[in-house]
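Heads up: the protein sequence lines correspond to chains Y and C, in order. Going by my numbering, the letters in the first sequence line up with residues 195 to 511, in that order. Going by my numbering, the letters in the second sequence line up with residues 195 to 511, in that order. Shown next, in C-alpha cells, is the structure this report addresses.
Protein chains: 2
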Amino acid sequence: MTAPVPVYLDCDPGVDDTVAIAYLLASPAVELVGVGTVSGNTSAAQAARNTLDLLALAGRDDIPVALGAHDHLDHPFSGGAPHVHGDNGVGGIVLPRSDREVDERTAVELLLDLSRTYAGRLHILAIGPLTNIAHALEADPSLPDRIAEVTVMGGAALSPGNITPVAEANIYNDPQAAAALLDADWDVTLVPLDVTLEHTLSEEQRQQFLADDRPFVVAVGQILDHYFDFYLPSYGARTCALHDPLAAAIAAGGVSPSRALQVPVVVDVSQGPGRGQTIADLRGQRTGPRHHEGVRTRLVLDVDDDAAAHLVATILA
Amino acid sequence: MTAPVPVYLDCDPGVDDTVAIAYLLASPAVELVGVGTVSGNTSAAQAARNTLDLLALAGRDDIPVALGAHDHLDHPFSGGAPHVHGDNGVGGIVLPRSDREVDERTAVELLLDLSRTYAGRLHILAIGPLTNIAHALEADPSLPDRIAEVTVMGGAALSPGNITPVAEANIYNDPQAAAALLDADWDVTLVPLDVTLEHTLSEEQRQQFLADDRPFVVAVGQILDHYFDFYLPSYGARTCALHDPLAAAIAAGGVSPSRALQVPVVVDVSQGPGRGQTIADLRGQRTGPRHHEGVRTRLVLDVDDDAAAHLVATILA
Numbered sequence: 195m196t197a198p199v200p201v202y203l204d205c206d207p208g209v210d211d212t213v214a215i216a217y218l219l220a221s222p223a224v225e226l227v228g229v230g231t232v233s234g235n236t237s238a239a240q241a242a243r244n245t246l247d248l249l250a251l252a253g254r255d256d257i258p259v260a261l262g263a264h265d266h267l268d269h270p271f272s273g274g275a276p277h278v279h280g281d282n283g284v285g286g287i288v289l290p291r292s293d294r295e296v297d298e299r300t301a302v303e304l305l306l307d308l309s310r311t312y313a314g315r316l317h318i319l320a321i322g323p324l325t326n327i328a329h330a331l332e333a334d335p336s337l338p339d340r341i342a343e344v345t346v347m348g349g350a351a352l353s354p355g356n357i358t359p360v361a362e363a364n365i366y367n368d369p370q371a372a373a374a375l376l377d378a379d380w381d382v383t384l385v386p387l388d389v390t391l392e393h394t395l396s397e398e399q400r401q402q403f404l405a406d407d408r409p410f411v412v413a414v415g416q417i418l419d420h421y422f423d424f425y426l427p428s429y430g431a432r433t434c435a436l437h438d439p440l441a442a443a444i445a446a447g448g449v450s451p452s453r454a455l456q457v458p459v460v461v462d463v464s465q466g467p468g469r470g471q472t473i474a475d476l477r478g479q480r481t482g483p484r485h486h487e488g489v490r491t492r493l494v495l496d497v498d499d500d501a502a503a504h505l506v507a508t509i510l511a
Numbered sequence: 195m196t197a198p199v200p201v202y203l204d205c206d207p208g209v210d211d212t213v214a215i216a217y218l219l220a221s222p223a224v225e226l227v228g229v230g231t232v233s234g235n236t237s238a239a240q241a242a243r244n245t246l247d248l249l250a251l252a253g254r255d256d257i258p259v260a261l262g263a264h265d266h267l268d269h270p271f272s273g274g275a276p277h278v279h280g281d282n283g284v285g286g287i288v289l290p291r292s293d294r295e296v297d298e299r300t301a302v303e304l305l306l307d308l309s310r311t312y313a314g315r316l317h318i319l320a321i322g323p324l325t326n327i328a329h330a331l332e333a334d335p336s337l338p339d340r341i342a343e344v345t346v347m348g349g350a351a352l353s354p355g356n357i358t359p360v361a362e363a364n365i366y367n368d369p370q371a372a373a374a375l376l377d378a379d380w381d382v383t384l385v386p387l388d389v390t391l392e393h394t395l396s397e398e399q400r401q402q403f404l405a406d407d408r409p410f411v412v413a414v415g416q417i418l419d420h421y422f423d424f425y426l427p428s429y430g431a432r433t434c435a436l437h438d439p440l441a442a443a444i445a446a447g448g449v450s451p452s453r454a455l456q457v458p459v460v461v462d463v464s465q466g467p468g469r470g471q472t473i474a475d476l477r478g479q480r481t482g483p484r485h486h487e488g489v490r491t492r493l494v495l496d497v498d499d500d501a502a503a504h505l506v507a508t509i510l511a
C-alpha cells in the first residue's frame, strides 16, 4: 500500500466540484491537504463558503480552505453560471453554515506553503479557472520544481466546447492563466470535454446518495438535483456530465485513461472566435498514438473505465 | 432525366483537383461550363496551365479556363505545396502542352458572365482557396441572387486540420475570403476534412486508371503516384484522401451526405493559433441533429456512400 498522494485542490464549487470533493475525501489514494477557491461557477468567496460548509458537513474542518482570485488575469469575474450550478453554486441547496472562516492565507500562499511541506509529492488538481495557479507561478516561478503533477479539468480537443463552439468554460474564463499553466515546466494531465461529457451519473446513482445515512453524502445527492435538470435537454435524460469528478478520479489513479496523448496544447488567448480554445495538435494520429517528444502535457481522449461506478462506489464506501 | 447542372469550378490543380475535374467531365449530372484558377496547391498560373493541358488531353478545349488571383486577400501566395502535389501541381507529371491559352477574361469575369448565362442555375464548386469568390462578391454583390448553390471543399469541424492543428489548407490560405463566402446570402455546402479524410482511393483503383485506354484517364493515374507517396505515413498505405473529388461528387449529387447540419460556421481570421479554423457550432447535437434556423451553410459530417467506388466508376465509364 503506497502512501496517499497529497492533493491541493483549486476549485469553484460548483455542483460537479462538490462531487469531486466528496470523492477526494473518500478515496484512500489521496489526502486532500488544502483547498483554494477561484471565481468560475460562482464567485471565489461563495465557492469558499460552499467548501467550508461541505467540509464541515463531512467532518473535515482540518483541511484549510483559502480564498483565491475573484477576478481573472485580464478581465473581471462575469457572474458565474447560476443557470447551471444554482444561485449559490451548490444547486440552490442551503447547507448548514459552518462556523469556520477561510484561512488567513490566500489560495496562492496556501498552495506555495503546501508545495514546500510536500515538496516533490504535491499533486495540484485544478477544476476551475486557472487564475490562482497562474498567480502562484508568477509569485514563485520555482513552484513546478516542487510539484509532482498537475491535473486540470478543462478544454476541448475534438469535442465541441460548452461555453463557445470551441471553448470549455474553465479555460475560457481565464485563457491567459491556462496558457501560463501549460507553458510551465511540469507534467500536466488535461481532462477535456472529450472525455468528461462521455461519463455521466444516473438518477439511480443520485438516489443512492440520497439514501445514504451520512448528511454530507445526502447533501451531494440534493445538490445534484438542479444540475440534472440543466443536463436534461443535452442528454435527453436527467443525468449530468462528470467533469470535475472524472479529473479527480484520474488524479487519484482510480480511473485510468485508455487513450492519452502527449501533444502540444496551445490556448487561444486572442479576442477572436477561437478565444479560450485548447488547440491540441492531433494531426498524424491515424496510424496509432504518436507522442511528441519533450511535451509534458498529456491530453486525455478516452477513458474506458466506468468512472461513474467507481466514483459512486468510492463515495458510498 | 433532369438537365445537367451547370458548374463553374474554382480550383488549383493540384492532384486531387485533377481527379475532381476527371469526375466532373465524366458525370452526366453536371456540365462543366467554366474553370477559374487560384493559387493554392500551386500558383494560379501553373494551375491554369495544368487545367488547359488536362482539358486538352480529355478533348474538352471548349471549356473556358480563366486565370484568377495569384495573391490572397491580405497576404501574398506563399509557394504552394510541392511536397504534396509535386513541383508542377500535377505530381511532377509532364502533360502534353496544349496550344490553348487562358481565356481573356479573369476568373472573376468568367464567373460573373456564367452567373448571368446560367442565372438561377449555376452551381459554384470551389476546391481551392476562396480568393476568386471573394473578389467576385466584392465586384458584384448581387452574385448570390444568380447562384443555385455553392459547394466548397474546405475546413475542419471536429477533425484536426491539415496545415495547422485546427486549420485546413484551402481556408487557411485565405481566411478572409472564406469568411466573405460564408457571410454571403446563398446556400453553401461545406465539405470539410471530417469527411474527406475518411474517403480514400486504393492503389488498385489507381491501377484501373493506368490500365484505361484513354490518355487522359491514364494521366490521372500517373498524376496520383506522387500523392500516394505523400499519404503513406498518414494512412500506413499507398492511398490518398479524396478531398476535392468528394466535394465534386456531392455537388453533382452522385454521393449524398448521410449527416449534414445547418449550423453557423465562422472563420477565424485572427493572427492567433486558430487562424483559418472553420468554427462550427456543433453544441447540442447529442440527442439528434439540430439545425439552426435561417442558417444557409450546410456542414457535411458523414458520407456513408462508397465515394471512391462512385468516383472511379464514373471516371472509367
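Using N, Cα and C, we set each Cβ at its ideal position, and we do this for glycine too. On a predicted model such as this, the values are computed, not experimentally measured, just so you know.
Inset, instruction - Would you tell me roughly how many angstroms separate the C-alpha atoms of residue 385 of chain C and residue 461 of chain C, rounded to the nearest one? - result: Walking along the second sequence from the start, residue 385 of chain C turns up at place 191. Walking along the second sequence from the start, residue 461 of chain C turns up at place 267. Rounded to the nearest angstrom, the two C-alpha atoms are 14 Å apart.
Inset, instruction - Using only alpha-carbon positions, find the residue among C:473, C:457, C:345, C:481 that is nearest to residue 430 of chain Y. - result: Position 236 of the first sequence, counted from the start, is the residue given in the question as residue 430 of chain Y. Here the closest residue by C-alpha is C:481.
Legend entry - Enclosing beta strand (DSSP E) for residue 428 of chain Y [first to last residue]: Position 234 of the first sequence, counted from the start, is the residue given in the question as residue 428 of chain Y. Note, residue 428 of chain Y: premise wrong, no beta strand (DSSP E); alpha helix (DSSP H) at 409-429.
Inset, instruction - Using a Cβ cut-off of 8 Å, pull out every chain C residue sitting near residue 477 of chain Y, in sequence order please. - result: Numbered from its first residue, the first sequence carries residue 477 of chain Y at position 283. Near residue 477 of chain Y (Cβ distances below 8 Å), the residues of chain C are 354, 355, 356, 359.
Inset, instruction - Can you say whether residue 418 of chain Y is buried or exposed, counting buried as having 16 or more other CB atoms within 10 angstroms of its CB? - result: Against the first sequence, residue 418 of chain Y aligns to sequence position 224. Classification of residue 418 of chain Y: buried, given that the 10 Å Cβ count is 16 or more.
Inset, instruction - Below 8 Å on the Cβ atoms is my guess for residue 274 of chain C versus residue 236 of chain C; work out the distance and round it to an integer in Å. - result: Counting from 1 along the second sequence, the entry for residue 274 of chain C is found at position 80. Counting from 1 along the second sequence, the entry for residue 236 of chain C is found at position 42. Contact flag correct, Cβ pair sits at about 5 Å.
Inset, instruction - Report yes if the CB atom of residue 370 of chain Y is closer than 8 Å to the CB atom of residue 463 of chain Y, and no otherwise. - result: On the first sequence, residue 370 of chain Y is found 176 positions in, with the first residue counted as 1. On the first sequence, residue 463 of chain Y is found 269 positions in, with the first residue counted as 1. Yes, Cβ-Cβ distance for residue 370 of chain Y and residue 463 of chain Y is below 8 Å.
Inset, instruction - Anything in the segment 404-434 of chain C with a Cβ closer than 8 Å to a Cβ of chain Y? List those residues in chain order, please. - result: Closer than 8 Å at the C-beta level to chain Y, one finds these residues of the segment 404-434 of chain C: 427, 428, 429, 430.
Inset, instruction - Could you check the C-alpha separation between residue 442 of chain C and residue 405 of chain C for me, to the nearest Å? - result: Counted from its first residue, the second sequence places residue 442 of chain C at position 248. Counted from its first residue, the second sequence places residue 405 of chain C at position 211. If I take the Cα positions, the gap works out to 24 Å.
Legend entry - Cβ neighbour criterion (16 or more within 10 Å) applied to residue 515 of chain C: Since the first residue shown for chain C is 195 and the last is 511, residue 515 of chain C is missing from the structure and cannot be characterised.
Legend entry - residue 477 of chain Y versus residue 355 of chain C - alpha carbon distance: Here residue 477 of chain Y is taken as the residue at index 283 of the first sequence, counted from 1. Here residue 355 of chain C is taken as the residue at index 161 of the second sequence, counted from 1. The C-alpha of residue 355 of chain C is placed about 7 Å away from the C-alpha of residue 477 of chain Y.
Legend entry - Residue from Y:339, Y:408, Y:200, Y:210 with nearest C-alpha to residue 433 of chain Y: On the first sequence, residue 433 of chain Y is found 239 positions in, with the first residue counted as 1. Residue 433 of chain Y has its Cα closest to that of Y:210, out of Y:339, Y:408, Y:200, Y:210.
Inset, instruction - Going by CA-CA distance only, name the one from Y:352, Y:318, Y:409 that's closest to residue 227 of chain Y. - result: Residue numbering aside, residue 227 of chain Y sits at position 33 when the first sequence is read from its first letter. Closest option to residue 227 of chain Y, Cα to Cα, is Y:318.
Inset, instruction - Decide if residue 504 of chain Y is buried, meaning its Cβ has at least 16 other Cβ atoms within 10 Å, or exposed. - result: Walking along the first sequence from the start, residue 504 of chain Y turns up at place 310. Around the beta carbon of residue 504 of chain Y, 16 or more other beta carbons sit within 10 angstroms, so the residue counts as buried.
Inset, instruction - Go ahead and pull the three-state DSSP assignment for residue 224 of chain C. - result: Start at 1 with the first residue of the second sequence, and residue 224 of chain C comes out as number 30. The DSSP-derived three-state label of residue 224 of chain C is strand.
Inset, instruction - Note down, in chain order, each residue of its chain lying with its Cβ closer than 8 Å to the Cβ of residue 501 of chain C, except the 5 sequence neighbours on either side. - result: Counting from one through the second sequence, the residue named residue 501 of chain C turns up at place 307. Contacts found: 393, 436, 439, 440, 443, 449.
Legend entry - Residues of its chain near residue 286 of chain Y, where Cβ-Cβ distance is below 7 Å and the 5 sequence neighbours each way are ignored: In the first sequence, the residue the question calls residue 286 of chain Y occupies position 92. Same-chain partners within the cutoff: 280, 420.
Inset, instruction - Determine, using beta carbons only, whether residue 464 of chain C comes closer than 8 Å to chain Y. - result: Sequence index remark: in the second sequence, residue 464 of chain C carries index 270 (1-based). Output row for residue 464 of chain C: interface = yes.
Legend entry - Sequence-distant residues of the same chain with beta carbon closer than 8 Å to residue 208 of chain Y, five excluded per side: As a position in the first sequence, residue 208 of chain Y is number 14, starting the count at 1. Around residue 208 of chain Y: 234, 235, 236, 241, 244, 279, 283, 284, 321, 322, 438.
Inset, instruction - In the DSSP assignment, find the alpha helix (DSSP H) that holds residue 363 of chain Y and state where it starts and stops. - result: Walking along the first sequence from the start, residue 363 of chain Y turns up at place 169. Per DSSP, residue 363 of chain Y belongs to the alpha helix (DSSP H) from 363-366.
Inset, instruction - Report the residue ranges of all alpha helix (DSSP H) runs contained in full by the segment 197-262 of chain C; include only those spanning at least 4 residues, in chain order. - result: 209-220, 238-251
Legend entry - Anticipated Cβ contact below 8 Å, residue 259 of chain C with residue 297 of chain C, distance rounded: Working through the second sequence from its first residue, we reach residue 259 of chain C at position 65. Working through the second sequence from its first residue, we reach residue 297 of chain C at position 103. Rounded, the Cβ-Cβ distance is 6 Å, consistent with contact.
Inset, instruction - Return the bridge partner residues of residue 473 of chain Y from the DSSP annotation. - result: Stepping through the first sequence from its first residue, residue 473 of chain Y is reached at position 279. According to DSSP, residue 473 of chain Y bridges with Y:460.
Legend entry - Sequence ranges, alpha helix (DSSP H) only - wholly within the segment 323-365 of chain C, length at least 4: 325-333
Legend entry - Beta-carbon spacing of residue 325 of chain C, residue 368 of chain C below 8 Å: Walking along the second sequence from the start, residue 325 of chain C turns up at place 131. Walking along the second sequence from the start, residue 368 of chain C turns up at place 174. Their beta carbons are under 8 Å apart, which means residue 325 of chain C touches residue 368 of chain C by this criterion.
Legend entry - Residue burial classification, residue 508 of chain Y (beta-carbon count within 10 angstroms, cutoff 16): Translated into positions along the first sequence, residue 508 of chain Y becomes position 314. The residue is buried, with at least 16 neighbouring Cβ atoms inside 10 Å.
Legend entry - Test item: CB-CB of residue 316 of chain Y and residue 202 of chain Y under 8 Å: For this step, residue 316 of chain Y is matched to residue 122 along the first sequence. For this step, residue 202 of chain Y is matched to residue 8 along the first sequence. Yes; because the gap between Cβ atoms is below 8 Å, this pair is in contact.
Legend entry - Neighbour-count burial assignment, residue 488 of chain C, 16 or more Cβ in a 10 Å radius: Here the question's residue 488 of chain C lines up with position 294 in the second sequence. Burial call: exposed.
Legend entry - Partner residues on chain Y for residue 460 of chain C, Cβ-Cβ distance less than 7 Å: Position 266 of the second sequence, counted from the first residue, corresponds to residue 460 of chain C. Per Cβ cutoff of 7 Å: 467.
Inset, instruction - Would you list the residues sitting across from residue 309 of chain Y in a DSSP beta bridge? - result: Residue numbering aside, residue 309 of chain Y sits at position 115 when the first sequence is read from its first letter. Paired residue(s): none; residue 309 of chain Y is not in a bridge.
Inset, instruction - Decide if residue 269 of chain C is buried, meaning its Cβ has at least 16 other Cβ atoms within 10 Å, or exposed. - result: By 1-based counting over the second sequence, the position of residue 269 of chain C is 75. Answer is exposed; the Cβ neighbour count stays below 16.
Inset, instruction - Please check if any C-beta of chain Y sits within less than 8 Å of the C-beta of residue 365 of chain C. - result: Here residue 365 of chain C refers to the residue found at position 171 when the second sequence is read from its first residue. Chain Y, which has no Cβ nearer than 8 Å to the Cβ of residue 365 of chain C, makes this no.
Legend entry - CB contact below 8 Å: residue 474 of chain Y versus chain C: Counting from 1 along the first sequence, the entry for residue 474 of chain Y is found at position 280. Closer than 8 Å: yes.
Inset, instruction - Evaluate residue 230 of chain Y with the Cβ neighbour count: other Cβ atoms within 10 Å of its Cβ, from every protein chain shown; 16 or more gives buried, anything less gives exposed. - result: Walking along the first sequence from the start, residue 230 of chain Y turns up at place 36. Buried.
Inset, instruction - Grab me the residues of residue 294 of chain C's own chain with a C-beta within less than 7 Å of its C-beta, minus the 5 sequence neighbours each way, in chain order. - result: Counted from its first residue, the second sequence places residue 294 of chain C at position 100. Taken in chain order, the residues that qualify are 246, 250, 255.
Inset, instruction - Provide the residue(s) that pair with residue 318 of chain Y in DSSP beta bridges, ordered along the chain. - result: Position 124 of the first sequence, counted from the first residue, corresponds to residue 318 of chain Y. DSSP lists Y:202, Y:344 as partners of residue 318 of chain Y.
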